[in-house]
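Participant: Next up is a structure, given as structure tokens.
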Amino acid sequence: MKRLEGRRAIITGAGSGIGRASALRFAAEGALVMAVGRREAPLQETAELACAAGGICIAHVADAGDEAAMQGAIDRCVQELGGLEVFFANAGNTDSVTPFLEQTVAQWQAMFSDNVVPAFIACKLAGRHMAEHGGGSIILNSSTGSLRARGGTEAYGAAKAAVNHLTMTAACAFAGRNVRVNAILPGLTETGLTKPMFDWARTAGKEDRLGKLTPLQRPGHVDDMAAVAAFLASDDSAYMDGQLLPVDGGISATHPAGKFVY
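Note that the numbering used here has the sequence shown beginning at 11, numbered continuously upward.
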């Protein structure tokens, strides 16, 4: 029996990057997956890839930051897939590097709107459904940028730190209801959001330097994150709740970042 056999899962931001990789991984492990995002074409591609590999995946267009839209996604998941045991709140956004004194209130508001609000909606709506139907696992997508200061990305780091706090408080909010809430903290990983940085490094002939920032000497891959998401979705993590899991090649263990050779 596959590890996620028969579980119904919603994954937001599933049209690319970590979300798509997780949808494919969940489906391969037996879950019935709903891939959610704002653009239909990439979601359909995710669903087609998962189904072509023998899995079950449907696409659903919705904004992860819209509470009514996400309630609609949950309702459809329950109706068409039969329930909801796993919710991976992967959708989020990053910001361009901007000197602190040049940042605006609008930038900060956007980072909290794009990263914290969708995570809260996921915990509230999915958590309520799971609490009423035997429990489940909610997985939030944070960042190792929430753990350490990095000039120019203060708003993003603060927003992801709020996601960390939400992870712990939501876990406590559902105490005794068999609803687990944990977070993945990806490190330097090539996704649609970070592609410009990786492209620049390749063009400049400095791609190898990105990997050298970590003790494992390589950047992360979306499949690395999907593997941990699948672990948190499964009973293998049954006694984990309110936890923050850096998946970063060890960069969070270094101080300052990348200084690990003695």
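For glycine and all other residues, C-beta sits at the position ideal for the given N, C-alpha and C.
None of the values given here were measured: they were computed from a predicted structure.
Ordered along the chain, which non-local residues of its own chain (more than five positions away) have a Cβ less than 6 Å from that of Arg49?
Facilitator: For this step, residue 49 is matched to residue 39 along the sequence shown. Only Gly25 meet the Cβ criterion.
Participant: For Ser244, collect the residues of the same chain with a Cβ closer than 7 Å to its Cβ; drop the 5 residues on either side in sequence, then sort them by chain order.
Facilitator: Numbered from 1 along the sequence shown, position 234 holds the residue referred to as residue 244. So the list reads Arg13, Leu14, once near-sequence residues are dropped.
Participant: Going by C-alpha distance, which of Val88, Gly102, Leu91, Ala180 is nearest Asn275?
Facilitator: Only positions 11 to 272 of the chain appear in the structure, and residue 275 is not among them; the question remains open.
Participant: Does His139 come out as helix, strand or coil in the three-state DSSP assignment?
Facilitator: Position 129 of the sequence shown, counted from the first residue, corresponds to residue 139. In this structure, His139 counts as helix in the three-state DSSP scheme.
Participant: Going by DSSP, what residues sit across from Leu254 in a beta bridge?
Facilitator: Against the sequence shown, residue 254 aligns to sequence position 244. According to DSSP, which records beta bridges pairwise, Leu254 is partnered with Ala193.
Participant: Do Met235 and Phe184 come within 9 Å of each other at the CB atom, strictly closer than that value?
Facilitator: Stepping through the sequence shown from its first residue, residue 184 is reached at position 174. Stepping through the sequence shown from its first residue, residue 235 is reached at position 225. In this structure, Met235 does not lie closer than 9 Å to Phe184 by Cβ.
Participant: Beta-carbon separation of Val257 and Gly197 under 9 Å?
Facilitator: Locating residue 257 in the sequence shown gives position 247, where the first residue counts as 1. Locating residue 197 in the sequence shown gives position 187, where the first residue counts as 1. Contact: yes.
Participant: In angstroms, rounded to a whole number, what distance separates the CA positions of Arg35 and Gly161?
Facilitator: Against the sequence shown, residue 35 aligns to sequence position 25. Against the sequence shown, residue 161 aligns to sequence position 151. Their backbone Cα atoms lie some 34 Å apart in a straight line.
Participant: Leaving aside the five residues before and after Gln117 along the sequence, list all residues of the same chain whose C-beta is less than 8 Å from its C-beta, in chain order.
Facilitator: Residue mapping note: residue 117 aligns to position 107 of the sequence shown, counting from 1. Excluding residues within five positions, the ones whose Cβ falls inside 8 Å are Asp105, Thr108, Ala165.
Participant: Give me the Cβ distance between Thr264 and Pro225, rounded to the nearest whole Å; I'm assuming they're in contact under 8 Å.
Facilitator: Counting from 1 along the sequence shown, the entry for residue 264 is found at position 254. Counting from 1 along the sequence shown, the entry for residue 225 is found at position 215. Between Pro225 and Thr264 the Cβ distance is about 7 Å, and since that is below 8 Å, they are a contact.
Participant: Along the chain, where does the beta strand (DSSP E) containing Arg18 start, and where does it finish?
Facilitator: By 1-based counting over the sequence shown, the position of residue 18 is 8. 18 to 22 is the span of the beta strand (DSSP E), which, as asked, contains Arg18.
Participant: Could you give the DSSP three-state label for Leu226: helix, strand or coil?
Facilitator: By one-based count along the sequence shown, residue 226 stands at place 216. In the structure shown, Leu226 sits in coil (DSSP, three-state: anything other than H, G, I, E or B).
Participant: Under 8 Å: does the beta carbon of Phe110 sit that close to some heavy atom of the ligand PLP?
Facilitator: Annotation note on the ligand PLP: not contained in the displayed structure, which lists no ligands.
Participant: Are the stretch 112 to 127 and the stretch 81 to 96 in contact at 8 Å, needing three or more beta carbon pairs?
Facilitator: Because the criterion of three Cβ pairs below 8 Å is not met, the stretch 112 to 127 and the stretch 81 to 96 do not touch.
Participant: Looking at the unbroken alpha helix (DSSP H) that takes in Ser147, where does it start and where does it end?
Facilitator: Residue mapping note: residue 147 aligns to position 137 of the sequence shown, counting from 1. Taken as a continuous stretch (DSSP letters only), Ser147 belongs to no alpha helix (DSSP H), being part of the beta strand (DSSP E) at 146 to 151.
Participant: Determine the burial state of Asp251: buried for a count of at least 16 other Cβ atoms within 10 Å of its Cβ, exposed for fewer.
Facilitator: By one-based count along the sequence shown, residue 251 stands at place 241. Buried, since its Cβ has 16 or more Cβ neighbours within 10 Å.
Participant: Starting from Val97, trace the beta strand (DSSP E) both ways and give me its first and last residue.
Facilitator: Here residue 97 corresponds to residue number 87 of the sequence shown, with the count starting at 1. Reading the sequence as shown, one finds Phe at residue 97 and not Val. From DSSP, the beta strand (DSSP E) with Phe97 extends over 96 to 99.
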